[in-house]
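Read the structure below first, then the notes.
Protein chains in written order, with my numbering: chain A, 1389 to 1823; chain B, 1389 to 1823.
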């Protein structure tokens, strides 16, 4: 498929950040051209001086093209638990509501529930997710069938799977297709034994691989780790060698000076999940401190059991709004920084060098933002409009790997959304979920 | 116009709160019938045993009808300043950016900028607004032409208008049409002299009228009031007799025990504006304390200069999310409480007894929520889905006073949205706003 977008505003997210008026061309899965249209010749030259045959030409009517959002921490199949187990503290929520239901989930359930999440990612302009959940084979199948880019991260813990199975997954789920990867990780310090953490460190060394995990989400988690090991989770992981090849943490709310030092020394990425942290009363992450220290921040929605939606617009507003509140400074953490977190830094966390910006040669993972909506007017400052005023309603089109998967409210993922809804409601009924 | 909605789920917001499966009938501006359809006869009886001739019959396909949201504090025409003066502390923001631009605004500018806001309210399912801004005649004209229900509140302060003009507005802008009212109010303690506050109290007594004002938005505002008068703004207003006939405050973030006592004694309403309070680093309102004290809370977006959007879904999530964070308790301020704030209590603040719920005889101010969207699935608990996961994208239809003003992304307000955008961008250009 060759697609030509014309009459567009384009926010490539390449530095220095500016908005171009022009065209963007997609050939197969990649971006062939981005520019004002005066220098198209060089693309024709690459094409043997032949004109490109367009399968589709889209008049953007002055709307904005930008890189798709990267959701850098989620548990997609927890769509099942949306509005099920709310209004409870994190530990009770996990132990009394989440874990017992998860124990009854079958691989096929997770496949359908993941597809439900994909529909929602597309409505929010999310073109790539960093996933951590049970049954990674079923998850990769669901994502791949839909056309969703995904980096799965192992959530191994003392309840399973075995270390052999983790390695098996790492070896077999990477390289399956161009949309999917599988990364090393574990659930959290409080669900792993010291031996397991040591084994994960050894595997990180064996494969020279980055490692991600839930880290410093609650004050209690940090306190209990200190009681067990005398140090914070971040320092513990670093001492065990888990972070020797990079990676990072999800949440990273309750951080001390030593933790920031480890993040800097190991080039780690902090993935913030502000809606989940509010709703579970976990706290507000020190975003401006990360910025000051030069530690990259990416943004995740967390799973829909805790959030309860998969909406990058809400997360972006929360990142800046909560930073301003926390710092008592309305100038903290500006809109461009937040846009960078939601796009470029998310791709970095997932290890995707060719999905960061709208550059020629990069993957065509992009969205069209409808500027002909009242919340995007007037047009003083489009990046600020997106971060401070944007909503899912502004997503007119979502393209992943060169394919349009969502356009004007219609999904093109190979399955009828109503069929997915029916499957998911049936799972909910079978497990007798009521809230 | 007579409109029949069928095949609907209906959340009337009447106590006890439950969801009915059935029909809702609108005759002219009012609701004729709400029910499961088995007791329609009594409506025919009222109609002289004649069947009702429907102008439109809408198959809701199982989607949800509920009362429209009431935005209980806004400055609509500040759409002009969206993404213009961000990232500044409140006092600088007001004095250096907002006031100088406002001084150049003409009545016609405010008319067009208010219409831009109406478009956005409709996309968010907002069917009534409690407005405070300059040029109330132009505002009433804009709202009335669009079909938007509005309660304007005077924002008088030491810079104007005169007390005579306030009284003139109060007398002439009430009773103009069934969509509009005008209430007594003033900007804030810090922009009014003591004499002016006394005059407003006298006018409240003359008309036995409730009074609304910005109150305790920032810690600085409260401190400076205490330096001037030895008491908090709430206590000062109460001592002056301003609250003798009710009313309430906007923001109400920094409150002490005495303030809560005044709110209880005078039956005042606290209007919370969480997005604005975060973005200007003002603080987090004590929502659960209001609930404990039995003080009704309503929700406002504040103006789009500080927020920067007019989105009741974002506000609802923030009300509960921030309360949970502030209380360190994930069970604080549940979804049903928040829905009540966003509908029933907003109508109460504006003095509209016939817009609170979807009851027979009440005004047909209602919205349809699209449950066939992934963020509303599964259907365990619809009220929680709306508060925790809802977005503008879920608003399928907005009806005010029996008229459909927004449906499936199309506006029916008598003016082409593109024309409104053009006018507003021209104003921005004329005033040389850049951000």
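We put the beta carbon where it would ideally sit given N, CA and C, even for glycine. Note that the structure is predicted; figures quoted are calculated from it, not measured.
Between which two residues does the alpha helix (DSSP H) carrying residue i extend?
| i | result |
| --- | --- |
| residue 1734/B | 1734 to 1737 |
| residue 1665/A | 1662 to 1667 |
| residue 1777/A | Careful: residue 1777/A lies outside any alpha helix (DSSP H) and carries neither H nor E. |
| residue 1624/B | 1621 to 1628 |
| residue 1586/A | 1582 to 1595 |
| residue 1650/A | 1645 to 1653 |
| residue 1409/A | Here residue 1409/A belongs to no alpha helix (DSSP H); instead the beta strand (DSSP E) covers 1407 to 1415. |
| residue 1680/A | 1675 to 1681 |
At the level of alpha carbons, what is the spacing between residue i and residue j?
| i | j | result |
| --- | --- | --- |
| residue 1821/A | residue 1399/A | 43 Å |
| residue 1456/A | residue 1753/A | 6 Å |
| residue 1564/B | residue 1533/B | 13 Å |
| residue 1661/A | residue 1601/A | 13 Å |
| residue 1655/B | residue 1795/B | 37 Å |
| residue 1707/B | residue 1750/A | 40 Å |
| residue 1675/B | residue 1685/B | 8 Å |
| residue 1389/A | residue 1443/A | 6 Å |
| residue 1569/B | residue 1515/B | 14 Å |
| residue 1567/A | residue 1541/A | 14 Å |
| residue 1807/B | residue 1648/A | 51 Å |
| residue 1734/B | residue 1699/B | 15 Å |
| residue 1522/B | residue 1408/B | 42 Å |
| residue 1469/A | residue 1527/A | 17 Å |
| residue 1709/B | residue 1670/A | 11 Å |
| residue 1508/B | residue 1616/B | 40 Å |
| residue 1779/A | residue 1548/B | 37 Å |
| residue 1465/A | residue 1805/A | 15 Å |
| residue 1421/A | residue 1513/A | 21 Å |
| residue 1819/B | residue 1589/B | 37 Å |
| residue 1396/A | residue 1767/A | 14 Å |
| residue 1450/A | residue 1813/B | 14 Å |
| residue 1625/B | residue 1461/B | 19 Å |
| residue 1543/B | residue 1716/A | 27 Å |
| residue 1637/B | residue 1650/A | 47 Å |
| residue 1538/B | residue 1493/B | 21 Å |
| residue 1593/B | residue 1480/B | 35 Å |
How about residue i and residue j: are their beta carbons less than 9 Å apart?
| i | j | result |
| --- | --- | --- |
| residue 1791/A | residue 1417/A | yes |
| residue 1738/A | residue 1518/A | yes |
| residue 1777/B | residue 1665/A | no |
| residue 1463/B | residue 1691/B | yes |
| residue 1411/B | residue 1428/B | yes |
| residue 1668/A | residue 1772/B | no |
| residue 1614/A | residue 1579/A | no |
| residue 1510/B | residue 1793/B | yes |
| residue 1415/A | residue 1789/A | no |
| residue 1459/A | residue 1687/A | yes |
| residue 1774/B | residue 1453/B | no |
| residue 1610/A | residue 1571/A | no |
Which two residues bound the contiguous beta strand (DSSP E) that contains residue i?
| i | result |
| --- | --- |
| residue 1718/A | Per DSSP, residue 1718/A belongs to no beta strand (DSSP E) and is neither H nor E. |
| residue 1392/A | 1390 to 1399 |
| residue 1756/A | 1754 to 1757 |
| residue 1793/A | 1791 to 1795 |
| residue 1731/B | Premise fails: residue 1731/B is in no beta strand (DSSP E) and is neither H nor E. |
| residue 1514/B | 1514 to 1519 |
| residue 1569/B | 1568 to 1576 |
| residue 1686/B | 1685 to 1687 |
| residue 1455/A | 1452 to 1455 |
Handout entry: Segment contact, 8 Å Cβ cut-off, at least three pairs: the region 1496 to 1508 of chain A with the region 1401 to 1413 of chain B
Key = Flag = no, the region 1496 to 1508 of chain A and the region 1401 to 1413 of chain B do not touch.
Practice task
Quick one: which residues of the region 1466 to 1489 of chain B get their C-beta closer than 8 Å to a C-beta of chain A? List them in chain order.
Solution key: Of all residues in the region 1466 to 1489 of chain B, only 1467, 1468, 1470, 1471, 1472, 1474, 1475, 1476, 1477, 1478, 1481 come within less than 8 Å of chain A when Cβ atoms are compared, listed by chain position.
Problem - Positions along the region 1507 to 1518 of chain A whose CB lies within less than 7 Å of some CB in chain B - result: Here the close residues are 1507, 1508, 1511.
Exercise for the section: Check whether the region 1777 to 1787 of chain A touches the region 1471 to 1480 of chain A, taking contact to mean three or more Cβ pairs, one atom from each stretch, closer than 8 Å. Expected result: Cβ pair count under 8 Å is below three, so no.
Practice task
Inspect the CB distances between the region 1483 to 1493 of chain B and the region 1757 to 1769 of chain B and report whether three or more fall short of 8 Å.
Solution key: Result no; under three Cβ-Cβ pairs closer than 8 Å.
Handout entry: Short-range partners of chain A found in the region 1766 to 1781 of chain B, where Cβ spacing is below 7 Å
Key = Of all residues in the region 1766 to 1781 of chain B, 1766, 1767, 1768, 1769, 1772, 1773, 1776, 1777, 1779, 1780, 1781 have a Cβ within less than 7 Å of some Cβ in chain A.
Practice task
With 9 Å as the limit, tell me which residues of the region 1679 to 1697 of chain A have their beta carbon closer than that to any beta carbon of chain B; keep them in chain order.
Solution key: Of all residues in the region 1679 to 1697 of chain A, 1692, 1695, 1696, 1697 have a Cβ within less than 9 Å of some Cβ in chain B.
Exercise for the section: Determine contact between the region 1724 to 1734 of chain B and the region 1548 to 1562 of chain B, defined as no fewer than three beta-carbon pairs at a distance below 8 Å. Expected result: Flag = no, the region 1724 to 1734 of chain B and the region 1548 to 1562 of chain B do not touch.
Exercise for the section: Report yes or no: do three or more beta-carbon pairs, one from the region 1609 to 1622 of chain A and one from the region 1635 to 1648 of chain A, lie closer than 8 Å? Expected result: The region 1609 to 1622 of chain A makes contact with the region 1635 to 1648 of chain A, as at least three CB pairs between them are under 8 Å.
Exercise for the section: Would you list, in chain order, the members of the region 1523 to 1557 of chain B that have their beta-carbon closer than 7 Å to a beta-carbon of chain A? Expected result: Residues of the region 1523 to 1557 of chain B that bring their beta carbon within less than 7 Å of a beta carbon in chain A are absent altogether.
Handout entry: Under 8 Å (Cβ pairs) to chain B, residues found in the region 1624 to 1646 of chain A
Key = Here the close residues number zero.
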